[in-house]
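See structure below.
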Amino acid sequence: MLVDSHAHIDTSRFDADREAVIAAAQAGGITRMIDPGCDLASSRAALSLAKAHPGVIFAGVGTHPHDATTYSAEVEEQYRALAGEPEVVAIGECGLDYFRMLSPRETQREVFCAHLRLARECNLPCIIHVRDSHEDVIELLRAHGRDLRGVFHCFSGTVKQAEECLEFEGFLLSFAGPLTRQGNELPEVARLAPLERILVETDSPYLVPKPLRERRNQPLFVRHTAEKLAEIRGMTLEEIAQATTANAVRLFGLDRYATDNP
Ligand SMILES: [Zn+2]
Ligand SMILES: [Zn+2]
């Protein structure tokens with residue numbers, strides 16, 4: 175039993191077989207999935223998916239840093255309304271992406287701060303995207319987010335960066351496909367992070383874990399990242415599943431929902 179804490183199931187790459195992908199995940203023991211929005215349209219799409227799969231799919235609402243220029247007071251008002259729906263369990267994804275820099279840096283920073291305010295106002299955790307922007311994310315969180323909770327999704331930084339992230343007591347690190355690849359410090363990070371501060375995710379349809387050769391990632395494959403995590407920490411898959419599921423349930427309040435899921 176695993177939770178895929180970050181899967182863009184609403185994207186068009188699942189249009190042809192979305193229901194089959196969800197069913198395959200459930201059959202494979204992925205009992206719950208969180209679909210974070212990237213803009214207003216995808217936040218709405220994530221929420222309708224969540225409504226169609228109660229207790230199985232949950233939604234985040236927010237604007238990805240790539241799309242920061244689409245954020246506005248009107249969009250924020252819509253997010254505020256959507257956040258009142260019981261299936262919405264997070265604000266995000268939000269954050270800073272200086273790798274692709276699809277929106278200007280200053281806009282990204284302003285929009286990220288707006289999400290932090292919204293998370294506080296709605297009392298929801300935030301899902302944070304960080305790419306080549308660790309220092310700015312930490313700076314803005316220190317200034318505006320010390321009291322918040324959330325997750326650094328698809329964590330892919332260094333040991334030192336992980337330690338800085340973990341200084342925010344309400345925040346967890348989430349591991350994705352990059353943990354299964356070579357040439358990074360993630361195994362060391364995965365060994366050091368406290369068991370109660372880690373999550374697993376796919377970031378579907380991106381970041382297919384090794385050794386799979388598929389072109390498209392899907393929630394079912396979160397198992398590969400969990401297996402890698404278990405191997406690194408010298409634990410069984412069941413122990414990792416239990417811990418990361420409990421962490422996801424606690425962070426996102428998934429137990430507020432009456433479901434048949436254990
Ligand atoms: Zn992301
Ligand atoms: Zn994402």
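When you read off a place in the sequence shown, starting at 1, and then add 174, the result is the number in my numbering. Ideal Cβ placement from N, Cα and C applies to all residues, glycine included.
Cβ neighbours of L347 within its own chain (closer than 8 Å, five residues either side excluded): V325, F326, F329, A336, C339, L340, V363, A367, R371, I372, L373.
Check the Cα spacing between A233 and each of T281, D184, G203: the tightest is with D184. Inter-segment contact for the region 342 to 357 and the region 398 to 406 is present: three or more beta-carbon pairs are separated by less than 8 Å.
At the C-beta level, I265 and P239 stay beyond 9 Å of one another. Note that the C-beta distance between G258 and C287 is not below 9 Å. Of the residues assessed, A199 falls on the buried side of the cut-off, its CB having 16 or more other CB atoms within 10 angstroms. Ordered along the chain, residues surrounding ligand 1 are E267, H303, H327, C328 [Cβ under 6 Å from any heavy atom]. When Cβ pairs closer than 8 Å are counted between the two stretches, the region 383 to 395 is seen to touch the region 179 to 197, the count reaching three or more. Only residues of its own chain outside the window of five on either side were considered, and among them D271, F273 have a CB closer than 6 Å to the CB of R305, listed in chain order. Going by DSSP, D321 is part of no beta strand (DSSP E) at all; its letter is neither H nor E.
If the five residues before and after I406 are omitted, its C-beta is found closer than 6 Å to the C-beta atoms of P361, A364, R365, all from its own chain and listed in chain order.
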